[in-house]
Amino acid sequence: MDAIINLANNSIEFFKTVVEFAPKFIPGVILTLQLAFFSIILGMIIGLVVAVLKLTKYKWLKKIMNVYITIVRGTPLLLQLYFIFYGLPSLGIMIDSFPSAIIALALHNGAYISEIFRGSIESIDYGQREAARSLGMTKWQAMKRVVLPQAFKRSVPALGNQFIIAVKDSSLASVITITETMLLARQFGAATFNVFPIYFTAGVYYLIITMGLTKILSMVEQKLKVNER
Amino acid sequence: MSMIEIKNLHKYFGELEVLRGIDLTVDESEVVCLIGSSGSGKSTLLRCINFLEEKNEGEIYIDGQLVTSKDINNIRQKVGMVFQRFNLFPHMTVIQNVMEGPITVKKMAKKEARDLAMALLEKVNLLDKADEYPAMLSGGQQQRVAIARSLAMEPKVILFDEPTSALDPELVGEVLGVMNDLAKEGRTMIIVTHEMGFAKEVADRVIFIHDGQIAEEGTPEDIFDRPENERLQNFLGQILV
Ligand SMILES: Nc1ncnc2c1ncn2[C@@H]1O[C@H](COP(=O)(O)OP(=O)(O)OP(=O)(O)O)[C@@H](O)[C@H]1O
Ligand SMILES: [Mg+2]
Numbered sequence: 000m001d002a003i004i005n006l007a008n009n010s011i012e013f014f015k016t017v018v019e020f021a022p023k024f025i026p027g028v029i030l031t032l033q034l035a036f037f038s039i040i041l042g043m044i045i046g047l048v049v050a051v052l053k054l055t056k057y058k059w060l061k062k063i064m065n066v067y068i069t070i071v072r073g074t075p076l077l078l079q080l081y082f083i084f085y086g087l088p089s090l091g092i093m094i095d096s097f098p099s100a101i102i103a104l105a106l107h108n109g110a111y112i113s114e115i116f117r118g119s120i121e122s123i124d125y126g127q128r129e130a131a132r133s134l135g136m137t138k139w140q141a142m143k144r145v146v147l148p149q150a151f152k153r154s155v156p157a158l159g160n161q162f163i164i165a166v167k168d169s170s171l172a173s174v175i176t177i178t179e180t181m182l183l184a185r186q187f188g189a190a191t192f193n194v195f196p197i198y199f200t201a202g203v204y205y206l207i208i209t210m211g212l213t214k215i216l217s218m219v220e221q222k223l224k225v226n227e228r
Numbered sequence: 000m001s002m003i004e005i006k007n008l009h010k011y012f013g014e015l016e017v018l019r020g021i022d023l024t025v026d027e028s029e030v031v032c033l034i035g036s037s038g039s040g041k042s043t044l045l046r047c048i049n050f051l052e053e054k055n056e057g058e059i060y061i062d063g064q065l066v067t068s069k070d071i072n073n074i075r076q077k078v079g080m081v082f083q084r085f086n087l088f089p090h091m092t093v094i095q096n097v098m099e100g101p102i103t104v105k106k107m108a109k110k111e112a113r114d115l116a117m118a119l120l121e122k123v124n125l126l127d128k129a130d131e132y133p134a135m136l137s138g139g140q141q142q143r144v145a146i147a148r149s150l151a152m153e154p155k156v157i158l159f160d161e162p163t164s165a166l167d168p169e170l171v172g173e174v175l176g177v178m179n180d181l182a183k184e185g186r187t188m189i190i191v192t193h194e195m196g197f198a199k200e201v202a203d204r205v206i207f208i209h210d211g212q213i214a215e216e217g218t219p220e221d222i223f224d225r226p227e228n229e230r231l232q233n234f235l236g237q238i239l240v
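Protein chains in written order, with numbering that gives the first Met the number 0: chain A, 0 to 228; chain B, 0 to 240.
Structure representation (structure tokens):
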């Protein structure tokens, strides 16, 4: 009997804490959304540029892009964040914490997204390029009008995956003093000694964001399916 | 007047010499059919003419002009190509496929390109499919769209690489019908085909390619009724039986 009463009390206490702290998370959640949004948009631009540059005939460009991808994929994101925020100042380059986080996250996403784009560009039937070229299009016109639209469509599922990773990875920005969702959670936890409901609340916010993103992406995917049998 | 003139064309893939000195002249309004067994170099010859493959040796003149790799984009506007597997752009509707060349390459106004595309779709009898996507069309319909797409650039020559080989037998006729109309209009065409009946009917000249060389050429009657070359006799024997 005591155990049940205890459990009920604990549950009430738990939800009271959740309700109390949920609104206090809003500024952190907004930061999380901003970090994710800008790092995804910039990451897409970087990814597209890198993927296209890798397809040009210049071998040295391809090499540089491969070095970039190797470094980003071969080192922890945590280290990349430290490098830009704490490392670069020793070279005389000072960047504020928020732009530092955006740069690090965007470069990180960009490397993965470029590989996604490259894969889907390569998956487009070579006959498509030949048909475009035989109409008299330049290589770039064929890329822009024929290959990229099809490749982009094929990238959507993998991009969605990467976007979700980007949302979760943005939590690492907390290590360079950005008070996004996870850093707030740590601060609230330390102040109240009541970590469980607080981390629970943070988790719910992440789930809301990632589930919303999944929903949007599956709508985009449906929309793009119109011209398939 | 000669529309295409090819002199001593050689093409290698690595060690393999696929074209071994082709000399070929095609006159304006002439319809030339290329026949020959698999691997003899027919596709490679067509692809060299519009530089989808880079030749190793020899000269190609189109409309009197020597083609160099610098002006291939201009040359390709003069040389249309229809592929075995259609290669329509799947993300564009039928009419967008036909408008794409004029708009992107010739910078034609949308309205004008649309009118042109409508006229061409009417010609290939597909006006009612203008707003469908290629995936909704049969193979024969797709190939007719591909022909309209290449006509939209108003090419001087159209190259066809086995345009009916990927089609179900009952769809072959509609594509050959369109090609027959083009021949009657006086279009210059080079056609790689295994449809000997069609070659007999539309070709002004038939060329038998063997092992990267022109082994025999002549009128359809010469080639089909009085073949001289032993390889050609064998080839026809295999096909017509
Ligand atoms: N891109 C390539 N790389 C290497 N070899 C090639 C390439 N394209 C064609 N070949 C070779 O060149 C030869 C001629 O090929 P081609 O496609 O021109 O023959 P074809 O006469 O069109 O035959 P088919 O009737 O089967 O289409 C073949 O031996 C083929 O294997
Ligand atoms: Mg072939």
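Beta carbons: idealized from backbone N, C-alpha and C, even for Gly. Nothing here was measured: the structure is a model prediction, and the numbers come from that model.
Relative to ligand 2, lysine 10 of chain B has its C-beta separated by 7 Å or more from all heavy atoms. Those residues of the region 16-33 of chain B placed with their C-beta closer than 7 Å to a C-beta in chain A do not exist. Inter-residue distance for isoleucine 68 of chain A and threonine 103 of chain B is about 33 Å (C-alpha atoms, whole angstroms). Within the same chain, and ignoring the five residues on either side of leucine 223 of chain A in sequence, the residues whose Cβ sits closer than 8 Å to its Cβ are Lys152, Val155.
In this structure, isoleucine 206 of chain B and leucine 33 of chain B form a Cβ contact; the two beta carbons are roughly 5 Å apart against a cut-off of 8 Å. The region 74-82 of chain B makes no contact with the region 120-138 of chain B: fewer than 3 CB pairs, one atom from each, lie closer than 8 Å. The Cβ atoms of alanine 100 of chain A and isoleucine 29 of chain A lie no closer than 8 Å to each other.
Remark: C-beta atoms of glutamate 161 of chain B and threonine 192 of chain B approach each other more closely than 8 Å. Against alanine 150 of chain A, chain B offers no close residue; the least beta-carbon distance is about 10 Å (beta-carbon pairs closer than 9 Å).
Of the heavy atoms belonging to ligand 2, none sits nearer than 7 Å to the Cβ of lysine 54 of chain B. Positions of the alpha helix (DSSP H) runs, each at least 4 residues long and wholly inside the region 92-147 of chain A, are given as 96-122, 125-133, 138-141 in order along the chain. Residue range 195-201 is occupied by the alpha helix (DSSP H) that includes glutamate 200 of chain B. Residues of the region 114-133 of chain A that bring their beta carbon within less than 8 Å of a beta carbon in chain B comprise Asp124, Gly126, Gln127, Glu129, Ala130, Ala131, Arg132, Ser133, in sequence order. Between threonine 31 of chain A and alanine 172 of chain A, the alpha-carbon positions lie close to 9 Å from each other. Comparing alpha-carbon positions, the option among B:Lys110, B:Met188, B:Ala134, B:Val93 lying closest to asparagine 124 of chain B turns out to be B:Val93. Looking at the DSSP output, valine 81 of chain B shares a beta bridge with B:Phe159. Phenylalanine 36 of chain A sits in a helix when the DSSP states are folded into three classes. From the beta-carbon of glutamine 140 of chain A, the residues of chain B found nearer than 8 Å are Thr103, Val104. The residue among A:Gln33, A:Thr209, A:Gly42 with its C-alpha nearest the C-alpha of isoleucine 115 of chain A is A:Gly42. The Cβ atoms of leucine 76 of chain A and aspartate 168 of chain A lie closer than 8 Å to each other. For isoleucine 206 of chain B, the enclosing beta strand (DSSP E) has its first and last residue at 204-209.
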